[in-house]
Every structure is written in structure tokens, then in C-alpha cells.
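In the numbering used here, the protein residues as written are 168 to 315. One structure below.
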Amino acid sequence: MLQKFIALTAIGAFFLSTPASAQLTIYPAKGQSVEQQQIDEGECYAWAKGQSGYDPMQASQYAASGQQSVGGERIGGAARGAAGGAAIGAIAGDAGKGAAIGAVSGTMLGGVRQRQKRASNDQAAAQQQQHFQRAYAACFEGRGYTLK
Numbered sequence: 168m169l170q171k172f173i174a175l176t177a178i179g180a181f182f183l184s185t186p187a188s189a190q191l192t193i194y195p196a197k198g199q200s201v202e203q204q205q206i207d208e209g210e211c212y213a214w215a216k217g218q219s220g221y222d223p224m225q226a227s228q229y230a231a232s233g234q235q236s237v238g239g240e241r242i243g244g245a246a247r248g249a250a251g252g253a254a255i256g257a258i259a260g261d262a263g264k265g266a267a268i269g270a271v272s273g274t275m276l277g278g279v280r281q282r283q284k285r286a287s288n289d290q291a292a293a294q295q296q297q298h299f300q301r302a303y304a305a306c307f308e309g310r311g312y313t314l315k
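This is the structure in C-alpha cells:
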């Protein structure tokens, strides 16, 4: 009983913390009781999570994991650019200038890669969230609820 209460409390907290535009309005079309609706919410949540591989309760972790390597691409780009620039500069007679130019160019390219990677990660997370919402809604519809 305590486990059910904790699970339902966590699910309730999820719905309270989710933006209103992302929430579904769920109507018990077959006269389901409040208790039955809470049970169905928990079971549909678990099923949608399993189907989509996405857990809205952990959404902040998904976002944070994509932010952890914020400077990594730029640092790597600067190092590669400096090495390439130094090699070209050595041929031209000034390895120091070549390394500096290469480092700046590499930093810029690294920043571009970083933004592309972040956009790709954001898009993948949005697709997972949409998959979760569709699965969650399908579960409720299958149990006789009307959703809006």
C-alpha cells in the first residue's frame, strides 16, 4: 500500500511540474473511479516509459547529460587546429603564427560541431518525449478513457 502511495505521489508530482500544454485532460468515459484512474495513471506511465525509453520524471537528467561536454568540442577543435596550423606554419616559416591561426579556426569549428550535436540531442529528446506522450495516451484510450 505504501509503495502504491509513493508511486502515485511521484506521478502526481510529475503532472504538477509538467507544463500545462504538455498535460492531457483525461475523462473517465466508462465511469472509472478516482482510485481506478490513479492506478491506470501509474500503469500507463510505466507502460509508456517502457515503450518509449523516456522517463519524464528524469527529463532534467536527459537535458543535463547533453550539456556536460560544453567546452569539449571547442578545446578539441583548438588543439587539432593548432597542430595543423603549426605544421602548415612550419612549412611557411612561422610555426607560431600558423598554430595561432589554426587554434582560432579549430575553436570556431569545434563550436559549430558542439551546436550541431546539441541540436541533434535536443531533437532526439523531443522525439522520445512525443513517443512517450503517444504511448501514454494510447494506454488510456485502451482502458476506456477519453483524452483531450
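Built from N, CA and C at the ideal position, the CB exists for glycine as well. Remember, it's a predicted structure, so these values are computed and weren't measured experimentally.
Close Cβ partners of PRO195 (< 7 Å) along its chain, the five nearest in sequence each way excluded: GLN204, TYR312
Element boundaries [alpha helix (DSSP H), containing ALA196]: Segment: none, ALA196 is in no alpha helix (DSSP H) and carries neither H nor E.
Presumed contact (8 Å Cβ cut-off) between SER219 and ALA302, rounded CB distance: 5 Å
Cutoff 7 Å; reference LYS197; Cβ partners in own chain excluding five residues on either side: GLY311
Straight-line Cα distance separating GLY278 from LYS156: The chain is shown from 168 up to 315; residue 156 falls before or after that span and cannot be answered.
CB of ALA215 within 8 Å of CB of PHE299, strictly: yes
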